[in-house]
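Per this note's numbering, the sequence shown starts with residue 9, numbered consecutively. Glycine included, C-beta positions come from ideal geometry on N, C-alpha and C.
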Amino acid sequence: MKYILLIYSNESEWQALPKPEIDERVAAYRAYTEALTQSGVVVALDRLQPASSATTVRVAGGKSSVLNGPYAETREQLGGFYMIDVPDLDAALSWAARCPGASYGSIEVRPVWAM
């Protein structure tokens, strides 16, 4: 079954980190990605541009409105994702717990609804 691991963290905290710590976190993500790849469970993955680059579209009463930047102020922003194909939720949760972002943000695990 496919699950998406949505990685949330505080962008401003990342930006304030000293370079050695950023390099350490990036290396941890590389190792995690390699482990997912070697196990054969990774389907797709990507990092997202900062939330400030987002554009939000809403339609109400037949009229659309476009807002630059994130619509809601939140402490954590969606920074990237991994889509994995594993046997069950327990396996997905196990991979989520190993994600580096789980130690300083949160990982939302959601089953993919196949269309």
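Candidates the options, of which the one nearest residue i by Cα
i	options	result
LEU53	VAL67, MET123, TYR37 and ALA68	TYR37
GLY48	MET91, GLY69, ARG83 and LYS71	MET91
VAL65	THR41, SER102, LEU75 and VAL117	LEU75
Residues near residue i by beta carbon distance below 7 Å, same chain, minus five either side
i	result
SER114	TYR16 and GLU84
PHE89	ILE12, LEU13, LEU14, ILE15, LEU53 and ASP54
VAL51	LYS10, MET91, ILE92 and ASP93
TYR112	SER17
Inter-residue spacing [alpha-carbon to alpha-carbon] between residue i and residue j
i	j	result
THR41	VAL67	37 Å
SER72	ARG118	28 Å
THR2	ALA99	No statement about residue 2 is possible, as the shown extent of the chain runs from 9 to 123 and does not include it.
GLU32	GLU21	15 Å
CYS107	VAL34	12 Å
ALA24	TRP121	37 Å
ALA105	GLU116	10 Å
LEU97	GLY70	39 Å
GLY109	TRP103	11 Å
Own chain residues within Cβ distance below 6 Å of residue i, not counting five before or after
i	result
LYS27	none
Contacts around residue i, its chain only, beta-carbon distance under 8 Å, and the 5 residues preceding and following it disregarded
i	result
ALA59	GLU19, GLY77, PRO78, GLN85 and LEU86
Runs of beta strand (DSSP E) wholly within the region 35–115 (minimum 3 residues, chain order): 50–55, 63–68, 71–76 and 85–93
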